[in-house]
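Working notes for the structure below.
Residue numbers (my numbering): 1009 to 1141.
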């Protein structure tokens, strides 16, 4: 499982939303080793008039930027995996939306296994249940 909340400072078509969800799911699976079927992606579009970098509206700068907030279970990825993931995501988003403002953020939150889960069970419970006796 990861949960991905993607925010972009542009109007987004259904095709672009589909591309973002597909790209993020694929990169999350390959670069971070997460299961495709457990990746939950939310795509949010915000007007460039309502997004600011350095105190200036992106609309006035003719820029597009994004912010990806991804949550994964703590300790399941090495530094080099996370670094590669950040590069791949930035490149994929640029491929979909064109040149991006350098101030485009990707934040990987590592959440304790006992603090989140799905289907009514924590990730810690799943880990313990999967261990052989």
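Glycine included, each C-beta is placed from N, C-alpha and C at the ideal position.
Inter-residue Cα distance where the pair is residue 1115 and residue 1098: C-alpha separation (whole angstroms): 12 Å.
Stretch pair the segment 1018-1032 + the segment 1041-1052: three plus CB contacts closer than 8 Å: Short answer: they touch.
Name the residue from 1031, 1132, 1120, 1140 whose alpha carbon lies nearest to the alpha carbon of residue 1076. Looking from the CA of residue 1076, the closest CA among 1031, 1132, 1120, 1140 belongs to 1031.
From which residue to which residue does the beta strand (DSSP E) around residue 1115 run? Unbroken beta strand (DSSP E) run through residue 1115: 1113-1119.
Residue 1053 - containing beta strand (DSSP E), residue span: For residue 1053, the uninterrupted beta strand (DSSP E) segment begins and ends at 1048-1053.
Backbone secondary structure at residue 1087 - three-state DSSP: Helix at residue 1087.
In the structure shown, what three-state DSSP assignment does residue 1076 receive? In the structure shown, residue 1076 sits in a strand (DSSP, three-state: E or B).
I'd like the list of long-range same chain contacts for residue 1121, defined as Cβ closer than 7 Å, with 5 residues on each side in sequence excluded. If we look at residue 1121 and ignore the five residues flanking it on each side, its Cβ neighbours are 1081, 1082, 1130, 1131, 1132, 1135.
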